[in-house]
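> Here the working numbering is used: the first residue of the sequence shown is 50, the next is one more, and so on.
Just dropping this structure here.
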Amino acid sequence: MTTGVLAFMTTVIDGKASAAKLREGLAVTVADLKRDHNLVPGLAVVLVGEDPASQVYVRNKGRQTVEVGMQSFEHKLPADVDEDELLALVEKLNGDDSVHGILVQLPLPKHINESKVINSVSHDKDVDGFHLVNVARLNTDGGGVVPCTPLGCLMMLKSTLGDLSGLNAVIVGRSNIVGKPMAALLLQANCTVTIAHSRTRDLEALCKTADILVAAVGRPKMVLGSWIKPGATVIDVGINRIEEEGKTRLVGDVDYASAEAVAGAITPVPGGVGPMTIACLLHNTVQQAKRQHGID
Ligand code: GUN
Numbered sequence: 050m051t052t053g054v055l056a057f058m059t060t061v062i063d064g065k066a067s068a069a070k071l072r073e074g075l076a077v078t079v080a081d082l083k084r085d086h087n088l089v090p091g092l093a094v095v096l097v098g099e100d101p102a103s104q105v106y107v108r109n110k111g112r113q114t115v116e117v118g119m120q121s122f123e124h125k126l127p128a129d130v131d132e133d134e135l136l137a138l139v140e141k142l143n144g145d146d147s148v149h150g151i152l153v154q155l156p157l158p159k160h161i162n163e164s165k166v167i168n169s170v171s172h173d174k175d176v177d178g179f180h181l182v183n184v185a186r187l188n189t190d191g192g193g194v195v196p197c198t199p200l201g202c203l204m205m206l207k208s209t210l211g212d213l214s215g216l217n218a219v220i221v222g223r224s225n226i227v228g229k230p231m232a233a234l235l236l237q238a239n240c241t242v243t244i245a246h247s248r249t250r251d252l253e254a255l256c257k258t259a260d261i262l263v264a265a266v267g268r269p270k271m272v273l274g275s276w277i278k279p280g281a282t283v284i285d286v287g288i289n290r291i292e293e294e295g296k297t298r299l300v301g302d303v304d305y306a307s308a309e310a311v312a313g314a315i316t317p318v319p320g321g322v323g324p325m326t327i328a329c330l331l332h333n334t335v336q337q338a339k340r341q342h343g344i345d
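So this is what it looks like as structure tokens:
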């Protein structure tokens, strides 16, 4: 969809449509794997506790896994589960041949060592790209599994802009889940990359230098239109629930109304990065299943 704005057109990057297209391709691959190799990729998702947002994500992941023809295994554990019990479950899934991908939903309760759990997942079954082996590979040879949210962002950037070489990319947020892997991917794509964070000086001036601006801070509507270079491509990773005019609404980290008037292209919330993240999780699961079976 495009809307006419002053001298140029703003492209609204349709993550929902891109994700549907990616899932369509995956459904064909999954059918081929079954027919040619008798292989049905399986994804196990582990949810600890009852965080409502995590429950919604896990439900959506399970539904979409089945929709593309794969097997979905859901494991729900109480919020006060022992770390040892969680590690034992991961160990069991590591050894289960029908499971090709394992995702432990984050965040985990405070009494559990998140990094220990992440690295207990076999790196061959890691579909988040959070295992140290996959982090190292992303930052060296570019192989391994790539974290889902940044991968989805990169796909949308490439389909919007084509070659990203030489572009200035500013990423606001330095999380292990989004900011850091996003920087590695954009560097691989030959962008000049800056990661901004809470201690960055004059964030507004820095954002204005960006041809590509990725907002991943978890603060509703923080990035304003006046911070954006005219014509820049804006990727909004934020999914924030806010109360507005008596209703609960989902908004991004970018103030969409003011940003849309300045950006050359922008992802909406909802309907931008979110659907692509789940589609990329399915992509990673298929990739791991193929790799485990030596299939190209
Ligand atoms: N919680 C929020 N995003 C993610 C993600 O990409 N993977 C996992 N495992 N947990 C998350």
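We put the beta carbon where it would ideally sit given N, CA and C, even for glycine.
Note that the structure is predicted; figures quoted are calculated from it, not measured.
Are His180 and His172 closer than 7 Å when you measure CB to CB?
Here residue 180 corresponds to residue number 131 of the sequence shown, with the count starting at 1. Here residue 172 corresponds to residue number 123 of the sequence shown, with the count starting at 1. Going by C-beta atoms, His180 is nearer than 7 Å to His172.
> For Val95, report the span of its beta strand (DSSP E) as first-last.
In the sequence shown, residue 95 corresponds to position 46, counting from 1. From DSSP, the beta strand (DSSP E) with Val95 extends over 91 to 97.
> With DSSP collapsed to three states, give me the class of Gly228.
As a first step, residue 228 must be located in the sequence shown, where it is residue number 179. If DSSP states are grouped into helix, strand and coil, Gly228 belongs with the helices.
> Does the structure place the stretch 152 to 168 close enough to the stretch 90 to 100 that three or more beta carbon pairs sit under 8 Å?
Contact holds: three or more Cβ-Cβ distances are below 8 Å.
> Consult DSSP for Val54 and reduce its assignment to one of helix, strand or coil.
By 1-based counting over the sequence shown, the position of residue 54 is 5. Confidence at Val54 is low in this model, with a pLDDT of 47, below 50, so its placement is unreliable and no value can be given for it.
> Quick check on the DSSP output: the alpha helix (DSSP H) that includes Gln120 runs from which residue to which?
The residue given as residue 120 occupies position 71 in the sequence shown. No alpha helix (DSSP H) holds Gln120; the beta strand (DSSP E) holding it covers 120 to 126.
> What ranges does the alpha helix (DSSP H) occupy inside the stretch 179 to 219, keeping only unbroken runs of at least 4 residues that lie completely in it?
You should have 181 to 187, 197 to 210.
> In this structure, does DSSP put Ile244 in helix, strand or coil?
Counting from 1 along the sequence shown, the entry for residue 244 is found at position 195. Correct three-state label for Ile244: strand.
> So, is Ala69 buried or exposed, given that buried needs 16 or more other C-beta atoms within 10 angstroms?
Position 20 of the sequence shown holds residue 69. Exposed: under 16 other Cβ atoms inside 10 Å.
> Would the beta-carbon of Cys33 be found less than 6 Å away from any heavy atom of the ligand GUN?
No answer is possible for residue 33: it lies beyond the span of the chain, which begins at 50 and ends at 345.
> Can you grab the Cα-Cα spacing for the pair Lys141 / Met325, in whole Å?
As a position in the sequence shown, residue 141 is number 92, starting the count at 1. As a position in the sequence shown, residue 325 is number 276, starting the count at 1. Going by the C-alpha atoms only, they are around 29 Å apart.
> Near Gln336, which residues of its chain fall below 8 Å by C-beta distance, leaving aside the five closest residues on each side in sequence?
Position 287 of the sequence shown holds residue 336. Within the same chain, Gln336 has close Cβ partners Val194.
> Which parts of the stretch 60 to 114 are runs of the alpha helix (DSSP H), unbroken and 4 residues or longer, counting only runs that do not cross its ends?
Runs of the alpha helix (DSSP H) inside the stretch 60 to 114: 64 to 86.
> Would DSSP call Val272 helix, strand or coil?
Within the sequence shown, the letter at position 223 stands for residue 272. Strand, per DSSP.
> Near Val221, what residues of its chain come up, given a Cβ to Cβ distance below 6 Å and the 5 sequence neighbours on each side ignored?
Translated into the one-based positions of the sequence shown, residue 221 becomes position 172. The answer, listed in chain order, is Ala245, Ala264, Val266.
> Would you call the CB atoms of Ile62 and Ala314 closer than 7 Å?
Residue 62 sits at position 13 when you count from the first residue of the sequence shown. Residue 314 sits at position 265 when you count from the first residue of the sequence shown. It is a contact, given that the beta carbons lie within the stated cut-off.
> Could you say which of Leu135, Asp133, Leu216, Glu292 lies nearest to Val283 if we only look at CA atoms?
Looking up residue 283 in the sequence shown gives position 234. Minimum Cα distance to Val283 is reached at Leu216.
> Under a Cβ-count criterion, where at least 16 other Cβ atoms within 10 Å of its own Cβ denotes burial, should Thr297 be classed as buried or exposed?
Mapped onto the sequence shown, residue 297 falls at position 248. That one is exposed.
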